[in-house]
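Number of protein chains: 2
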Amino acid sequence: MRRTQIEAAWLGKAECRNCGIRDLVLFADLQEADFQLIHQPVEELMLDSGATLYRPGDDGAAAFTIRSGLVKLVQYLPDGNRRIVRLLRAGAVAGLEVLAGRSYEHAAEVLQPALVCRLPREVVERLNQETPRLHRQLMNKWSESLRLADEWLTELNTGTSRQRMARLFLHLASLDEDGLCRMLVREDVGAILSLTTETSSRTVAEFKRLGVVREIRPNTFQLEAEALEKIAVDG
Amino acid sequence: MRRTQIEAAWLGKAECRNCGIRDLVLFADLQEADFQLIHQPVEELMLDSGATLYRPGDDGAAAFTIRSGLVKLVQYLPDGNRRIVRLLRAGAVAGLEVLAGRSYEHAAEVLQPALVCRLPREVVERLNQETPRLHRQLMNKWSESLRLADEWLTELNTGTSRQRMARLFLHLASLDEDGLCRMLVREDVGAILSLTTETSSRTVAEFKRLGVVREIRPNTFQLEAEALEKIAVDG
DNA sequence: CGAGAGCTTGACTTAGATCAATCCGCGTGG
DNA sequence: CCACGCGGATTGATCTAAGTCAAGCTCTCG
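Those sequence lines, one after another, are chains A and B.
Start counting the first sequence at 1; every next residue gets the next number (the UniProt record's numbering).
Start counting the second sequence at 1; every next residue gets the next number (the UniProt record's numbering).
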């Protein structure tokens, strides 16, 4: 496999105070005084598809807020197999585990060009100690991650390949607000649904034939939501 | 299905100060002053196998610390299918999500007679606001739950039925300290590994034939760890 | 003793994996 | 400009692991 250069453009020191999506992210409730507690720079990074935020085992110096784009969390098995355990979009936090003193559990790779903020562990820990206003947000992120993990297991790993694929389409569509669904490469679909790339391909093709999804642009689909929901439950 | 009476014996108001396993649980770091903040009773309950701690959608008035025994978290799909998403043993907390203001996401059912402490939501929230000493523990519980959820997905839902079953045996053995493995009923095994009860049964039977597990007592096994690990990776 | 719940086993079917070939779109370099 | 190569998608033919359906077994408990 060709080692791609990590494509990260450093955009500068973030101005959290004036963050446009602050209500989505970790610092939603912070007040003016709290920002005085930030003594290390929070950096803003623009990452291209294919870039890696971190790898499993890297000792975690920072968590990352996703401001836009799409990031996958990949977990590897001893036998070389790999599973995608979560997809992160705007508002989510990657690498929460470092705040609990662990090293990273997954590899975090960019699927759609992403704007992220790098939050040094010390900053979050300091704020978490000094101000109760971060607790609620942090707890929300934990609980949301866990909810997604459980949903992932029950929805995307239960039933026939058609059911799982239908649920994946609906799941991805719920991420993008424009009603369209940008599908992942077939290999990643396989790593999410526990299927081979061939079966992923066949199932997508079948959905196209059935007309429950329409390919607007290469690998971007217009969904027939009701039909897909029917497949998701009836098979 | 016969509706069993919920078999809960109320053992009395817990004395958290003197809790024998306090270092395992949520209140590990609390100091004398913190206990003054507990204004609602923390109750200690003994629950028989089959008892239900809560059901999905119940509005969550409390989280539960597991002091001993084994509890399963079950998630249901719209089509009636069900998956076991986690097993909780001593030290774990069931119903963490209520602390983030959600109602319960799962059904929590007792698999092996369990001693649990019922922690009213207000108590935990109050402590969490007033003392930073709970934060770390709470974060540890969240992060541990999430780690288990991801591990569950990658280890127990990837590979052949033999691999998954081998990993389940090893996983269960790591819960019990005595080196033995108390296997679950086949239907539950199926709901964990995404298999039918028949396949679960056949696979356990095959393991017995191969001698990689030995049935000491009904449904209690002595494991051949190295052999199982071999199966877990090679198939 | 009888009933019911859970377990096992067998015969058969099938969904999805595997193996292999081709196709398609795109960037690169002659 | 065009041929080439490469990564991903597709499609076909075959194989097999696991599901399905059905029967019988083994406890336990009332």
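We treat Cβ as the ideally placed atom computed from N, Cα and C, and that holds for glycine.
Model, not experiment: these values are computed from the prediction.
Could you check the C-alpha separation between residue i and residue j for me, to the nearest Å?
i                : j                : result
Ala94 (chain B)  : Thr65 (chain B)  : 6 Å
Ile231 (chain B) : Arg147 (chain B) : 23 Å
Arg167 (chain A) : Lys208 (chain A) : 15 Å
Val189 (chain B) : Glu155 (chain A) : 18 Å
Gln137 (chain A) : Leu99 (chain B)  : 12 Å
Thr196 (chain B) : Ile84 (chain B)  : 13 Å
Val116 (chain B) : Met46 (chain B)  : 6 Å
Asn128 (chain A) : Leu26 (chain A)  : 11 Å
Glu130 (chain A) : Ala33 (chain B)  : 19 Å
Arg182 (chain A) : Arg118 (chain A) : 26 Å
Leu111 (chain B) : Lys72 (chain B)  : 7 Å
Leu88 (chain B)  : Leu70 (chain B)  : 6 Å
His106 (chain A) : Glu224 (chain B) : 30 Å
Leu37 (chain B)  : Ala51 (chain B)  : 31 Å
Phe169 (chain A) : Leu24 (chain A)  : 24 Å
Trp10 (chain B)  : Asp176 (chain B) : 26 Å
Phe35 (chain A)  : Lys13 (chain A)  : 14 Å
Asp234 (chain A) : Glu15 (chain A)  : 49 Å
Gly80 (chain B)  : Leu153 (chain A) : 15 Å
Leu184 (chain A) : Ile192 (chain B) : 27 Å
Ile103 (chain B) : Val124 (chain B) : Checking the sequence shown, residue 103 (chain B) turns out to be Ser, not Ile. Computed Cα separation, rounded: 16 Å.
Arg55 (chain B)  : Arg162 (chain A) : 29 Å
Val42 (chain A)  : Asn140 (chain A) : 21 Å
His135 (chain B) : Leu96 (chain A)  : 14 Å
His171 (chain B) : Arg164 (chain A) : 26 Å
Just curious, the beta strand (DSSP E) that residue i is in, first and last residue?
i                : result
Ser201 (chain A) : First-last for Ser201 (chain A): Thr197 to Leu210, but that is the alpha helix (DSSP H), not the beta strand (DSSP E).
Phe64 (chain B)  : Ala62 to Tyr76
Cys181 (chain B) : Leu180 to Arg182
List, in chain order, every chain A residue whose beta-carbon is nearer than 9 Å to that of residue i.
i                : result
Met165 (chain B) : Those within 9 Å of Met165 (chain B) in chain A number zero; the least Cβ separation is about 15 Å.
For residue i, write down the residues that DSSP places opposite it in a beta bridge.
i                : result
Glu44 (chain A)  : A:Gly12 and A:Cys117
Tyr54 (chain B)  : B:Ala108
Ala94 (chain B)  : B:Phe64
Thr220 (chain B) : B:Arg182 and B:Arg217
Between which two residues does the alpha helix (DSSP H) holding residue i run?
i                : result
Thr160 (chain A) : No alpha helix (DSSP H) holds Thr160 (chain A); DSSP gives it neither H nor E.
Phe35 (chain A)  : Glu32 to Phe35
Glu229 (chain A) : Ala225 to Asp234
Chain B partners of residue i, CB-CB under 7 Å?
i                     : result
His39 (chain A)       : What His39 (chain A) touches in chain B: nothing, since even the nearest Cβ is about 19 Å away.
Val135 (chain A)      : First, the residue type needs correcting, since residue 135 (chain A) is His and not Val in the sequence shown. Correct list: Asn128 and His135.
residue 281 (chain A) : The shown model of chain A, from 1 to 235, leaves out residue 281 (chain A), and the question about it has no answer.
Under three-state DSSP, which class holds residue i?
i                     : result
residue 246 (chain A) : In the structure as shown, chain A begins at 1 and stops at 235. Residue 246 (chain A) is therefore absent and cannot be evaluated.
Val124 (chain B)      : helix
Arg89 (chain B)       : coil
Val189 (chain A)      : helix
Arg22 (chain B)       : coil
Met1 (chain A)        : At Met1 (chain A), the pLDDT of 34 sits below 50, so the modelled position is not reliable and the matter cannot be decided from this model.
Arg82 (chain B)       : strand
Ala28 (chain B)       : coil
Glu177 (chain A)      : coil
Ser49 (chain A)       : coil
Ser145 (chain A)      : helix
Arg102 (chain B)      : coil
His39 (chain A)       : coil
How would you list, in chain order, the residues of chain B whose beta-carbon sits under 8 Å from the beta-carbon of residue i?
i                : result
Leu153 (chain A) : Gln75, Arg83, Val85, Ala149, Trp152, Leu153 and Asn157
Leu146 (chain A) : Leu96, Glu97, Trp142, Ser145, Leu146 and Ala149
Chain A partners of residue i, CB-CB under 7 Å?
i                : result
Val233 (chain B) : Pro78 and Asp79
Ser194 (chain B) : Asn157 and Thr158
Pro132 (chain B) : Gln129
Give the interface partners of residue i over in chain A, defined as CB-CB distance under 8 Å, in chain order.
i                : result
Glu105 (chain B) : Arg147 and Asp150
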